[in-house]
Amino acid sequence: MDKTKGVKEGLMLPLMEAFYTIQGEGVYSGVPAYFIRLGGCDVGCVWCDVKESWEAGKWPVIPIEEIVEGALEYPGRMVVITGGEPLMYNLNPLTALLKENGFAIHIETSGAHPFSGDFDWVCFSPKKFKAPHPSIYKKADELKVVIFHKSDFEFAEKHASLVQETCVKSIQPEWSKAKLYMDSIVEYVKSNPDWKISLQTHKFMDIP
Ligand code: SF4
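For the sequence shown, position 184 matches number 184 in the UniProt record's numbering, and the numbering has no gaps at all.
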């Protein structure tokens, strides 16, 4: 199949890497998962720790059947689709095929593009560098806001006012600012108990 057409239809996707590890962040922290990291992101976070993902053209374009075959090689049946920004692509075919093969499917997204795909868990992490598409707010199961600057608490509340009532709200220190903001984060959550703290535990475990 022609690659441009395949990507447009979501039948082929640029795959930066895929690996079996432990989900380190958010509500499912500690759970084994197969990560599918799609290449391409136009959000441009200054503190991004996967800047090499930004240019989609750098990564091989793979048929979704091959992506799913890779996931089936491991015993875990939870998949996390991440990036890059995975919602740059039509994720309907990939999620349908993962579902057919018995996977629970999660996504980590900034929500900067229209929503597609069928997910069991949507972790929405809005970024100041590109506004989310409105379609994300009804879909988000988890709102995870990275604290890089003191103004990010206000940014977190702005998005919290837009998600569904059932959405789990967490704030997470950006890794390089963790020491600077940890006390404020702890105090914030103690004073605002509808929030919880998410930590990048995979970085403490030194795993991908
Ligand atoms: S949205 Fe994610 S991949 Fe894109 S720049 Fe921001 S942190 Fe990096």
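All C-beta atoms in this analysis are idealised placements derived from N, C-alpha and C, irrespective of residue type, glycine included. Values in this document were obtained by computation on a predicted structure and should not be read as measured data.
Alpha-carbon spacing of residue i relative to residue j, whole angstroms
{"i": "residue 209", "j": "Phe19", "result": "Only positions 1 to 208 of the chain appear in this structure, which leaves residue 209 out of reach."}
{"i": "Ile185", "j": "Glu65", "result": "42 Å"}
{"i": "His133", "j": "Tyr89", "result": "14 Å"}
{"i": "Ala33", "j": "Ile105", "result": "10 Å"}
{"i": "Leu199", "j": "Ser176", "result": "12 Å"}
{"i": "Asp183", "j": "Lys150", "result": "12 Å"}
{"i": "Glu17", "j": "Met1", "result": "22 Å"}
{"i": "Ser135", "j": "Ser161", "result": "15 Å"}
{"i": "Tyr181", "j": "Lys190", "result": "14 Å"}
{"i": "Asp42", "j": "Asp152", "result": "20 Å"}
{"i": "Lys3", "j": "Gly40", "result": "15 Å"}
{"i": "Leu91", "j": "Phe115", "result": "9 Å"}
{"i": "Ile62", "j": "Glu100", "result": "19 Å"}
{"i": "Gln23", "j": "Val146", "result": "17 Å"}
{"i": "Cys167", "j": "Glu25", "result": "16 Å"}
Candidates the options: closest to residue i by CA position
{"i": "Pro193", "options": "Glu157, Ile207 and Pro93", "result": "Glu157"}
{"i": "Leu15", "options": "Glu187, Ile81 and Lys51", "result": "Ile81"}
{"i": "Pro126", "options": "Ser176, Thr109, Lys139 and Pro114", "result": "Thr109"}
{"i": "Ser170", "options": "Ser29, Lys5 and Met1", "result": "Ser29"}
{"i": "Trp121", "options": "Asp152, Met78, Phe155 and Lys128", "result": "Met78"}
{"i": "Ala56", "options": "Pro86, Val27 and Val145", "result": "Pro86"}
{"i": "Phe119", "options": "Ala131, Met12 and Leu97", "result": "Leu97"}
{"i": "Gln74", "options": "Lys179, Ala140, Lys8 and Gly102", "result": "Looking at the sequence itself, residue 74 is Tyr, so the reference to Gln does not match. For the residues Lys179, Ala140, Lys8 and Gly102, the minimum Cα distance to Tyr74 belongs to Gly102."}
{"i": "Pro93", "options": "Asp49, Ser53 and Glu9", "result": "Glu9"}
{"i": "Trp195", "options": "Lys130, Lys5 and Val27", "result": "Val27"}
Terminal residues of the beta strand (DSSP E) in which residue i lies
{"i": "Ile22", "result": "Met12 to Ile22"}
{"i": "Ala33", "result": "Pro32 to Leu38"}
{"i": "Glu25", "result": "Element bounds for Glu25: n/a, residue is neither H nor E."}
{"i": "Leu143", "result": "Glu142 to Ile147"}
{"i": "Lys196", "result": "Trp195 to Ile197"}
Where the alpha helix (DSSP H) containing residue i begins and where it ends
{"i": "Ala156", "result": "Asp152 to Ala160"}
{"i": "Met205", "result": "Thr201 to Met205"}
{"i": "Lys99", "result": "Asn92 to Glu100"}
Exposure label - residue i; buried when at least 16 CB within 10 Å
{"i": "Ala112", "result": "buried"}
{"i": "Val46", "result": "exposed"}
{"i": "Met12", "result": "buried"}
{"i": "Phe124", "result": "buried"}
{"i": "Asp49", "result": "exposed"}
{"i": "Leu72", "result": "exposed"}
Reduced DSSP category for residue i - H, G, I as helix; E, B as strand; rest coil
{"i": "residue 231", "result": "Past the boundaries of the shown model lies residue 231; the chain is included only from 1 to 208, so the question cannot be answered."}
{"i": "Pro132", "result": "coil"}
{"i": "Val168", "result": "strand"}
{"i": "Val7", "result": "helix"}
{"i": "Glu174", "result": "coil"}
{"i": "Lys138", "result": "coil"}
{"i": "Met78", "result": "strand"}
{"i": "Val61", "result": "strand"}
{"i": "Val122", "result": "strand"}
Residue-chain proximity (residue i, chain C), Cβ-Cβ < 8 Å
{"i": "Lys8", "result": "Chain labels in this structure do not include chain C; a single protein chain is all it has."}
Distance cut-off 7 Å: residue i Cβ against heavy atoms of ligand 2
{"i": "Ser110", "result": "Ligand 2 is not part of this structure, which contains only ligand 1."}
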